[in-house]
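Novice: Numbering-wise (the working numbering), the sequence shown opens with residue 6 and increments by one.
We put the CB at the ideal spot given by N, CA and C, even for glycine.
Right, I'll just put the structure down here and ask away after.
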Amino acid sequence: MIRFVRLLEKPEIKEMAASWFHEKWGVPEEAYLACMDECQNHRTEYGWYLALDGERIAGGLGVIQNDFHDRKDLYPNICAVYTEEPYRGQGIAGTLLNLAMEDLRHSGISPVYLVTDLTGFYERYGWEFLGMVREEGEPGQIRMYVHR
Numbered sequence: 006m007i008r009f010v011r012l013l014e015k016p017e018i019k020e021m022a023a024s025w026f027h028e029k030w031g032v033p034e035e036a037y038l039a040c041m042d043e044c045q046n047h048r049t050e051y052g053w054y055l056a057l058d059g060e061r062i063a064g065g066l067g068v069i070q071n072d073f074h075d076r077k078d079l080y081p082n083i084c085a086v087y088t089e090e091p092y093r094g095q096g097i098a099g100t101l102l103n104l105a106m107e108d109l110r111h112s113g114i115s116p117v118y119l120v121t122d123l124t125g126f127y128e129r130y131g132w133e134f135l136g137m138v139r140e141e142g143e144p145g146q147i148r149m150y151v152h153r
């Protein structure tokens with residue numbers, strides 16, 4: 006059975022979570038740990054969310070200031086959304102997105118942004134296409150969505 010947790014509720018898995026996100030996205034573990042520490046030390050309203058199958062991570066996402074794009078004025082950003090292949094199609098990413106959005110709304114934070122190369126997925130969860138933004142260090146642009 007999948008359990009949805011805020012990393013704040015289960016700080017003992019922070020290193021495992023940082024390693025898992027690193028494996029999925031290639032961003033250094035240290036970067037994830039730094040963001041997670043800010044959350045755990047209450048230096049930000051943002052957080053990290055995980056779907057756990059026992060002690061195995063089935064999916065996860067984070068909320069950060071900027072997800073490597075040139076529109077620094079559009080924040081916060083949902084980042085690193087990922088569901089392990091055997092768990093896809095079960096609504097895990099949607100539940101994680103809704104949990105994060107609920108926490109952000111409770112903190113008075115709106116709108117929220119995300120960048121992705123997917124089309125048709127985030128719209129199912131109330132996200133609207135905003136436009137194209139330039140990725141840091143990349144020649145092209147990527148889709149940006151907003152949730153109000």
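I need the DSSP call for residue 30, collapsed to helix, strand or coil.
Specialist: Helix.
Novice: How would you call residue 39, buried or exposed, if buried means at least 16 neighbouring beta carbons within 10 angstroms?
Specialist: Under this definition residue 39 is an exposed residue.
Novice: Within the same chain, show all residues whose beta-carbon is closer than 7 Å to that of residue 97, passing over the 5 residues directly before and after it, in chain order.
Specialist: Excluding residues within five positions, the ones whose Cβ falls inside 7 Å are 7, 56, 63, 64 and 88.
Novice: Within 10 angstroms of its Cβ, does residue 81 collect 16 or more other Cβ (buried), or is it exposed?
Specialist: Buried, by the Cβ-count rule.
Novice: What whole-angstrom Cβ distance do residue 41 and residue 19 have, given they're in contact under 8 Å?
Specialist: Right, their Cβ atoms sit about 5 Å apart.
Novice: Have a look at the DSSP bridge pairing and note the partners of residue 133.
Specialist: In DSSP, residue 133 forms a bridge with 151.
Novice: For residue 11, which three-state DSSP category applies?
Specialist: Looking at residue 11 - three-state DSSP - the assignment turns out to be strand.
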